Each structure stands twice: as C-alpha cells, then as structure tokens.
Amino acid sequence: MTHAQHNRVFGKRSQEHILILASGDKVRHVTIKPWMAALGFCFSAVFVIGYLLATSYLVLRDDLIGATMARQARMQHDYEDRIAALRAQVDRVTSRQLLDQQLVEDKVDKLMQQQMALASRHGKFGSLLDRAENSGLTRKDEMIPAQAKDKRASLSAGARAIDKLLAGTDEPADATPDTLAYVPTPETVGDRADRLFSKVTLSLKGVEEEQRARVEQLTVDAGDAASNIEKVLTRFRIAVPEQAAVKPDDDDSAVGGPYVEPENGDNFNNSLAQLDTALTRLEAVRSTAESLPFRNPAIGKEITSPFGNRRDPFLGRLALHSGVDFRFAAGEKICPTAPGKVVNAGWTGGYGNMVEIDHGNGISTRYGHMSQILVKAGDRVGRSDVIGLAGSTGRSTGTHLHYEVRQNGRAVDPVYFLNAGLKLATYIK
Numbered sequence: 001m002t003h004a005q006h007n008r009v010f011g012k013r014s015q016e017h018i019l020i021l022a023s024g025d026k027v028r029h030v031t032i033k034p035w036m037a038a039l040g041f042c043f044s045a046v047f048v049i050g051y052l053l054a055t056s057y058l059v060l061r062d063d064l065i066g067a068t069m070a071r072q073a074r075m076q077h078d079y080e081d082r083i084a085a086l087r088a089q090v091d092r093v094t095s096r097q098l099l100d101q102q103l104v105e106d107k108v109d110k111l112m113q114q115q116m117a118l119a120s121r122h123g124k125f126g127s128l129l130d131r132a133e134n135s136g137l138t139r140k141d142e143m144i145p146a147q148a149k150d151k152r153a154s155l156s157a158g159a160r161a162i163d164k165l166l167a168g169t170d171e172p173a174d175a176t177p178d179t180l181a182y183v184p185t186p187e188t189v190g191d192r193a194d195r196l197f198s199k200v201t202l203s204l205k206g207v208e209e210e211q212r213a214r215v216e217q218l219t220v221d222a223g224d225a226a227s228n229i230e231k232v233l234t235r236f237r238i239a240v241p242e243q244a245a246v247k248p249d250d251d252d253s254a255v256g257g258p259y260v261e262p263e264n265g266d267n268f269n270n271s272l273a274q275l276d277t278a279l280t281r282l283e284a285v286r287s288t289a290e291s292l293p294f295r296n297p298a299i300g301k302e303i304t305s306p307f308g309n310r311r312d313p314f315l316g317r318l319a320l321h322s323g324v325d326f327r328f329a330a331g332e333k334i335c336p337t338a339p340g341k342v343v344n345a346g347w348t349g350g351y352g353n354m355v356e357i358d359h360g361n362g363i364s365t366r367y368g369h370m371s372q373i374l375v376k377a378g379d380r381v382g383r384s385d386v387i388g389l390a391g392s393t394g395r396s397t398g399t400h401l402h403y404e405v406r407q408n409g410r411a412v413d414p415v416y417f418l419n420a421g422l423k424l425a426t427y428i429k
C-alpha cells in the first residue's frame with residue numbers, strides 16, 4: 001500500500017509547519033516539530049518570569065531592605081530590653097540573697113540564744129527532777145512527757161536545718177533566663193528559714209509550757225508531801241526544821257538595801273525557784289522523818305504482847321509493859337528502825353542484852369532480850385546494819401524481841417509510830 005493510500009485509509013494527513021528562511025538567492029526551510037514549539041514556549045515563559053521578577057526586585061528592593069532592617073532593629077531592641085530585665089532581676093535576686101543571708105544569721109543567733117537558755121533551764125530542771133525523784137514524788141522518766149521529747153527532737157532537727165541553710169548546702173534555684181523571666185520566684189532561703197525558725201520557736205514554747213506545767217505540778221506535790229509529813233511530826237511533837245519553815249512574802253520587818261531597777265521577769269526561772277524551795281522544804285522534813293523510828297522492826301512477825309498494862313508473867317499482877325514483843329526465832333538478825341547513835345549496848349537488868357539507839361529530837365529506841373550484841377556504845381548505825389541476834393535473856397519467857405520507843409525519856413506506844421510510818425511510806429524510804 002502506497003503512502004497516499006495510507007492517508008486515505010487512516011484519516012486526513014496532519015499539516016506540518018515549515019519555517020522558510022530566504023537570504024538572497026538562498027532559500028532554506030525548517031520544519032517545526034511540536035516539541036520544538038513547546039521548548040520555545042518554555043524558554044519564553046522563563047524569560048518573561050525572570051524579567052518580571054528582576055523588575056519587581058529593582059522596584060521593591062529599597063522597601064524590602066528597609067523592612068528587614070526595621071525588623072532586625074526591633075529584634076535587637078527586644079533582646080536588649082530582655083537582657084536589661086534579666087540583669088535587673090539578677091540584681092534583685094542577689095540583693096534578696098544577701099538580705100536572706102543576714103536574716104538567716106540573725107535568726108540563727110536568736111535560735112542559739114534560745115537553745116543556750118533551754119540548755120541552762122534543762123540543767124536546772126534536770127537537777128530538780130533528780131531531787132524530786134529522790135524525794136519519792138515520781139520517777140524521772142515519767143516527768144518528761146513523750147511529746148516534750150519529740151519536740152526537743154524537732155527542735156534539734158530545725159536547728160540543723162537552719163544551719164544547713166546558713167551553710168548554703170541546699171540546692172540553689174534555677175537561674176536560667178527563662179526561669180528568671182517567666183517562672184514565679186520559688187521559696188527563698190530566707191522564707192524557708194522563717195518557716196523553720198517559726199516551727200522551732202513554737203516547739204521550744206511547747207516544751208517550755210509542758211516543763212512549766214510539770215514544774216508547777218511537782219511544786220504542788222512537794223508542798224503537799226511536806227505538809228503531810230509535817231502533820232505527822234507535829235502530832236508527835238517533833239520540831240519542824242527551820243529551813244523547812246515557809247517565810248511569809250509580806251514580812252518586811254527586817255529588810256532593806258539600795259533601790260535597783262528590777263530584772264526582766266522569767267516565769268520559768270521563777271517556777272524553778274519555787275520548786276527548789278518546795279523541794280528544800282520537803283527534803284528537810286523528809287530527812288527528819290527518815291531519822292525517826294517510823295518503820296516496823298519485825299515485818300511479818302507475830303506480836304506476842306502489846307504496849308500497855310498487862311499481867312506480869314513472873315509476878316502474876318498488873319504491870320506496865322513499856323514496849324511491844326515480837327516473836328523471833330533464836331539467832332535471827334535484828335536491825336534498827338531508823339539510823340542513829342548507839343548510846344547503850346550491854347546487859348541492862350530485866351532487858352537482858354539490850355541496845356539503845358538515839359535518833360535525835362528526843363526519840364530513842366530499845367531492843368531487848370538479845371542473845372548477842374554486835375555493836376558498842378558510840379557506834380553510828382543505819383537501817384540495814386545488824387545490831388544483834390534474837391534471844392531470851394533477862395526477864396523473858398521465850399525467844400522474842402522487846403521493842404521500845406521512848407520520847408524525852410518516857411515510853412510511848414510503838415504502834416503509834418508504826419501507824420504513822422504506814423502513812424509516810426510513800427514519802428520516806
């Protein structure tokens with residue numbers, strides 16, 4: 001099939017674009033293909049766009065440069081303002097730290113003064129507690145409540161925390177620009193010191209209040225105990241020691257001296273002084289009571305003959321029995337009912353082997369019918385000392401102890417002293 005036939009079969013033949021170039025006698029033609037037209041169009045479009053952009057740049061160049069410079073200037077001013085604000089805040093933080101440091105030092109000084117005062121009070125209070133314990137008021141471990149111990153522990157912990165703040169061992173707060181500029185200021189060292197100092201001060205006041213309450217209670221207890229002992233001593237006509245006498249506060253018949261401005265009152269020290277006075281009074285009357293024969297010479301022993309009139313076992317007629325007889329086994333140890341000085345030790349008529357002990361205040365005791373005497377006249381004996389062994393010497397029908405109490409040379413019923421000793425058992429050892 002020929003070329004013409006092919007065109008007729010498949011359709012109309014497309015016309016080609018031919019570019020004819022004539023130069024004198026020469027004629028040239030170029031067939032323009034579709035891709036060549038597209039390529040030329042693209043180059044033309046690129047050229048036109050580039051031309052437009054170059055023209056726009058030349059026209060708007062000054063405006064663009066001015067806008068850029070203005071934006072950079074604004075950014076520079078913003079940074080400078082921010083840097084100035086940061087510097088001002090750093091200066092404030094530095095000044096605050098210096099003020100906090102001074103504040104912490106001042107508060108630590110105050111805390112140390114309070115701790116020294118508390119230590120001084122604790123020393124005085126401790127000695128008074130020992131005296132109260134020795135006086136039989138209460139045990140020392142019961143005098144300091146557990147809450148007071150916990151508060152003293154918190155007091156020490158608070159002091160250590162403030163010392164730690166003062167030494168600067170706590171982690172510092174972040175000092176980055178973002179934190180300084182935008183984050184609220186955290187709790188400072190001074191704020192923590194204020195909080196801790198307030199807590200320690202409250203703990204100290206709590207301990208002081210509890211101690212003062214305990215001191216006042218001990219003062220009342222000591223006064224009551226001294227009064228109870230004095231009543232017993234007065235009933236037996238025993239003179240109350242002079243140092244135990246309470247002096248009236250309004251007795252100004254023999255006082256004087258130059259006028260001096262009063263010192264600052266310290267209620268706690270005043271309370272300690274009152275407790276000291278009460279304990280001194282209690283110790284004086286207690287010492288007097290402990291020196292007297294208020295104890296049983298034969299605990300758990302049977303009384304075979306009481307004090308008073310009875311039928312004499314040898315004569316069979318009425319006679320005064322000047323003591324109390326206690327059943328003892330032969331050779332049992334005999335101890336005095338109170339400390340004192342041996343004034344007689346030997347054979348004494350119907351007493352047989354007898355020991356007499358002077359306890360002061362006109363009171364003496366006698367221990368008769370002993371099989372053996374283990375002390376001599378002039379010896380000082382205590383309650384735990386053995387003065388002899390039980391027996392049946394002298395006017396005796398069997399092994400026993402004749403116990404006798406004499407006041408100003410006159411025999412009195414020992415049962416009175418034994419009953420008084422029961423009432424004083426909580427106050428004397």
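Just so you know, we're using full-length UniProt numbering here: the sequence shown kicks off at 1 and counts up by one.
Beta carbons are placed, not taken as given, at the ideal position from N, Cα and C, and that holds for glycine.
This structure is a prediction, so every number in the text was calculated from the model and none was measured.
Going by beta carbon distance, what residues of the same chain come within less than 7 Å of residue 339, once the five residues before and after it are set aside?
The residues are 291, 381, 382 and 383.
Rounded to a whole number of angstroms, what is the C-alpha to C-alpha distance between residue 422 and residue 294?
Their Cα atoms are separated by approximately 8 Å.
Report buried or exposed for residue 356, applying the criterion of at least 16 other Cβ atoms within 10 angstroms of its Cβ.
Buried.
DSSP beta-bridge partners for residue 400?
For residue 400, which the question treats as bridged, DSSP gives the partners 327 and 391.
Please name the residue, chosen from 328, 334, 331 and 305, that lies closest to residue 321 on a Cα-to-Cα basis.
Selected option, being the one with the closest Cα: 305.
So what does DSSP say about residue 427, is it helix, strand or coil?
Residue state, collapsed to three classes: coil.
State the CB to CB distance for the pair residue 132 and residue 222, rounded to an integer number of angstroms; the pair is presumed to be in contact (CB under 8 Å).
With a Cβ gap of about 7 Å, residue 132 and residue 222 count as contacting.
Tell me whether residue 380 sits in a helix, a strand or coil according to DSSP, three-state version.
Note: residue 380 maps to strand in three-state DSSP.
Could you tell me the boundaries of the alpha helix (DSSP H) in which residue 83 lies?
Unbroken alpha helix (DSSP H) run through residue 83: 34-134.
Given a threshold of 16 other Cβ atoms within 10 Å of its Cβ, counted over all protein chains shown, does residue 237 qualify as buried or as exposed?
Per the 10 Å Cβ criterion, exposed.
Rounded to the nearest angstrom, what separates residue 394 and residue 235 at their Cα positions?
Between residue 394 and residue 235, the C-alpha separation is close to 34 Å.
Does the region 399-408 touch the region 365-376, meaning 3 or more C-beta pairs lie closer than 8 Å?
The region 365-376, when compared against the region 399-408, does touch it at the 8 Å Cβ threshold.
Pull up the distance between the alpha-carbon of residue 307 and that of residue 399, whole angstroms please.
Roughly 18 Å between the two C-alpha positions.
Among the candidates 317, 392 and 315, whose CA atom is the shortest distance from the CA of residue 347?
Of the candidates 317, 392 and 315, the one whose C-alpha sits nearest the C-alpha of residue 347 is 392.
How many whole angstroms separate the CB atoms of residue 370 and residue 350, which I take to be in contact at a CB cut-off of 8 Å?
No, residue 370 and residue 350 are not in contact; Cβ-Cβ is about 13 Å, not under 8 Å.
Indicate whether residue 30 and residue 19 have their beta-carbon atoms separated by less than 8 Å.
Going by C-beta atoms, residue 30 is nearer than 8 Å to residue 19.
By a C-beta neighbour count over all protein chains shown, 10 Å radius and 16 as the cutoff for buried, is residue 220 buried or exposed?
The residue is exposed, with fewer than 16 neighbouring Cβ atoms inside 10 Å.
Quick check on the burial criterion: 16 or more other C-beta atoms within 10 angstroms. Buried or exposed for residue 41?
When all chains shown are included, residue 41 counts as exposed.
Going straight from the alpha carbon of residue 28 to that of residue 45, what length do you get?
When rounded, the distance between both Cα atoms is 28 Å.
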